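Numbering (my numbering), first residue to last: 7 to 403. Report on the following structure.
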Ligand code: AMP
């Protein structure tokens, strides 16, 4: 089964609904601080406009939880799309209300309409049937280009797709690219293949880790999740983040790695602090001897050197999760160094996860990676081997 291809759609003079992921970060003044997600959607939008159709764009932003909240309005997004497309973009005052309906009715080929934040409507996250049907009634064609929410069975991702048949729905270029990249990575990676996993907890990445083990040659662990493994090995981890209920799972993962011949690396030293704050005093300790009351917040310099050696011969790298609390400069050094090694390697480098993408961007290395996924949760679910609801809805019958 294949994803329905946008190139097989007859778009001319149609009203085309494109579900995008414009959930971009905003600063306290409402300015967009990172517009990668909007830029990533432009090729699909332009393709449709070039085919002489009218485009209805829809997205969520933030977490308004089914009520209208002006701070989550898509107005800044409308302005940025206008700048990027160099065309007028009309923002509807609502999602399926009177204003949206009137504006949809008056759409002509070449027009671009952006609906207000989908999550202003409670029916969106509930995958509500009436809401899905009303959304679907606005358009002749449905396109999903929102990889970042494709793991959610929401109305605009899942529910409304049932009102379109195979000739009137498809995946946009971004969704297609993300799915192709991960499929190739999981089926046919050039070896040696190394997964770098970090971030806060084992629980969020347990399934992905288990699914990855039979496919990779090496695993490098960092971030808070390392301490559950280190505690299971009997090390003194002080006050570091540990999930005690997952100690057995951690053991199972290490046993599986040994059984499969996967080289499984844990930090050998850490930057430890007394409190979880940027101005806490800190010191280097070995992973075996983190003093009581101290917590590991970054990988240490010996681990950085070790991981550089490990990465020297790899041909494919998948990186999901920072090596430390990279939001605080003091604990960002491990993640920054690893970002440089990954970028400098001759491997195919794939970065998944919002935090990892963010840290790679902060060090200015985003152009150096082969592929940065626009979806953290969605890419993790792909790595877990799941079929995403938004993808399932667009597989050819
Ligand atoms: P995740 O969403 O699970 O990928 O986790 C990302 C978060 O993990 C980031 O906000 C980091 O600050 C946090 N993190 C990384 N290392 C640690 C650590 N050693 N202790 C606590 N939190 C960490």
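For glycine and all other residues, C-beta sits at the position ideal for the given N, C-alpha and C. The model shown is predicted, which means the values in this text are computed figures rather than measured ones.
Taking 9 Å as the cut-off, the beta carbon of residue 155 is found closer than this to the beta carbon of residue 381. Taking a contact to require three or more Cβ pairs closer than 8 Å, the segment 231-248 and the segment 344-362 do not qualify as touching.
Just so you know, the alpha carbons of residue 117 and residue 79 end up roughly 21 Å apart.
In the assembly as shown, residue 270 is a buried residue. Its beta-carbon has 16 or more other beta-carbons within 10 Å.
For the pair residue 223 and residue 8, the Cα-to-Cα distance works out to about 29 Å. In the DSSP annotation of this structure, the continuous segment of the alpha helix (DSSP H) that includes residue 143 starts and ends at 135-143. Here residue 327 is not near residue 244, since their CB atoms are 9 Å or more apart. Checking the 8 Å criterion, the Cβ of residue 217 is out of range of every heavy atom belonging to ligand 1.
Taking the C-beta atoms as reference points, residue 367 is found nearer than 9 Å to residue 42.
Taking the C-beta atoms as reference points, residue 150 is found no nearer than 9 Å to residue 183. By DSSP's assignment, residue 150 forms a beta bridge with 25, 177. Beta-bridge analysis with DSSP links residue 277 to 290, 304.
A contact between stretches requires three or more CB pairs, one per stretch, nearer than 8 Å, and the segment 42-58 meets this requirement with the segment 17-25.
Relative to the non-hydrogen atoms of ligand 1, the Cβ of residue 247 comes within a distance shorter than 8 Å of at least one. Sequence-distant partners of residue 106 (beyond 5 residues in either direction) whose C-beta falls short of 7 Å from its own C-beta, in its chain, are 98, 100, 121. Around the beta carbon of residue 130, 16 or more other beta carbons sit within 10 angstroms, so the residue counts as buried. In the three-state scheme derived from DSSP, where H, G and I count as helix and E and B as strand, residue 333 is classed as coil. Look at residue 309: its beta carbon is at least 8 Å from all of the heavy atoms in ligand 1. By the neighbour-count criterion, in which 16 or more other beta carbons inside 10 Å mark a residue as buried, residue 158 falls on the buried side. When 202, 153, 378 are compared, the shortest CA-CA separation from residue 347 is found for 202. Segment contact: the segment 85-96 against the segment 67-76, fewer than three CB-CB distances shorter than 8 Å; contact not assigned. For residue 363, the distance from the CB to the nearest heavy atom of ligand 1 is not below 8 Å. Taken through DSSP and simplified to helix, strand or coil, residue 268 comes out as coil.
Contiguous alpha helix (DSSP H) elements confined to the segment 177-261 occur at 179-193, 212-218, 232-238, taking only those with 4 or more residues.
Taking a cut-off of 8 Å for Cβ pairs, the segment 205-217 and the segment 337-346 do not touch, as fewer than three such pairs fall below it. Secondary structure in the segment 18-62: the beta strand (DSSP E) runs of 3 residues or longer, each lying completely within the stretch, are 21-25 in chain order. Under the three-state reduction of DSSP, residue 377 is assigned to strand. The alpha-carbon of residue 283 is positioned some 18 Å away from that of residue 233. Under DSSP, residue 91 takes part in no beta bridge, so it has no partner. Take residue 195, set aside five residues on each side of it, and the residues of its chain with a beta-carbon closer than 6 Å to its own are 322, in chain order.
Taking residue 141 as reference, the option from 72, 167, 376 with the minimal CA-CA separation is 167.
In the DSSP assignment, no residue is bridged to residue 362. The C-beta distance from residue 187 to residue 74 rounds to 36 Å, too long to meet the 8 Å contact threshold. Apart from sequence neighbours up to five positions away, the residues of its chain that approach residue 113 with a beta-carbon distance below 8 Å are 21, 60, 62, 119, ordered along the chain. Per the C-alpha coordinates, the member of 227, 305, 204, 93 positioned closest to residue 363 is 204. Secondary structure of residue 104 (DSSP, three-state): helix.
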